[in-house]
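Count the sequence shown with full-length UniProt numbering and you get residues 1 to 262, in order. All C-beta atoms, glycine included, are put in the ideal place defined by N, C-alpha and C. In this text, all values refer to a predicted model and were calculated from it rather than measured experimentally. The structure appears right after this line, and notes come after that.
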Amino acid sequence: MKPRLLLILSMILLITGLRAQTIERYVIGNGGYSQAGPVSVDCTIGEWITATADNGIIILTQGFQQPSILLSTISPVMLSAEIVNKTVVLKWTTLFEVNSKEMLVERGRDTVNAFGVMAIVPSLAPNGNSAVPLNYTWTDIQPLASVTYYRIRLVAKDGSFIYSNTVAVIFNPQTWRLERVYPNPVKTNFHIRLFTQEAVKADVIVTDMIGRIVKKESISFNKGYNDPLINLPVLANGIYIVKIHCTSADTPDLIAKIIKAD
């Protein structure tokens, strides 16, 4: 009886092996999409199932599918700024770049309000990829005459981006300066000793200590040293503020204090 049973089982297994067919693979788990910083990972994490079926018999063979990873990243950079001949020179270096597209130079008057894009610097990496350091530079030829903030937005081909550090530049080109106001104390008039690197127009405004304007005069200053005479109206003795406000260029106001004494 036993030899006959073994023979029947052997024949069933042989027929099943001959008639079996393999159907397509299935994914039973999907890992989805993940992003951390500038690195994006799009992958399927699960198991392939290979099903072999015949006469109602199913054989499952399991195996792992490897993640599919696409990296778009640029190394963080350290931005530096230097004032050179009335311009601001920005420099930065990337240690490596993967799928890099461009660098946006952004400038703002403070770190609260929106930065504006001043320039677009294309990536120097061949096809956006580089394993060696790459040096970048950009020059602001018209910097603001105040505290200015700069940063770099490093953009990858897939649209992801990171920012560099933010640097502050105090740009005071000293296009003009107030040497002195004399005589001081003042009786009826005084001189303004002023130097300017270029011809400018300015308002000379005299106010009392509560801010009321007691004298205003528009003057054209020539390049170099100027020494105009300012005549005062009849004023009470006391302390007054002299402000020289340039109306033809973006330069800081010049401030002085005078004493009116008969």
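Item: In this structure, how does DSSP classify residue 128 when only helix, strand and coil are distinguished?; Value: helix
Item: With respect to the beta strand (DSSP E) encompassing residue 96, which residues constitute its N-terminal and C-terminal limits?; Value: Note, residue 96: premise wrong, no beta strand (DSSP E); not H, not E.
Item: For the stretch 176-187 against the stretch 151-159, are there 3 or more C-beta pairs whose distance is under 8 Å?; Value: no
Item: By a C-beta neighbour count over all protein chains shown, 10 Å radius and 16 as the cutoff for buried, is residue 200 buried or exposed?; Value: buried
Item: If you draw a straight line from the C-alpha of residue 189 to the C-alpha of residue 222, how long is it?; Value: 21 Å
Item: Starting from the Cα of residue 146, find the closest Cα among 204, 130, 109 and 167 and give me that residue.; Value: 109
Item: Between residue 156 and residue 101, which are expected to be in contact by the criterion C-beta below 8 Å, what is the C-beta distance as a whole number of angstroms?; Value: 6 Å
Item: Tell me which residues share the same chain as residue 235 and place their Cβ nearer than 7 Å to its Cβ, disregarding the 5 neighbours each side in the sequence.; Value: 214 and 260
Item: Using only alpha-carbon positions, find the residue among 87, 98, 82 and 254 that is nearest to residue 179.; Value: 254
Item: Would you report the Cα separation of residue 195 and residue 170, rounded to the nearest angstrom?; Value: 21 Å
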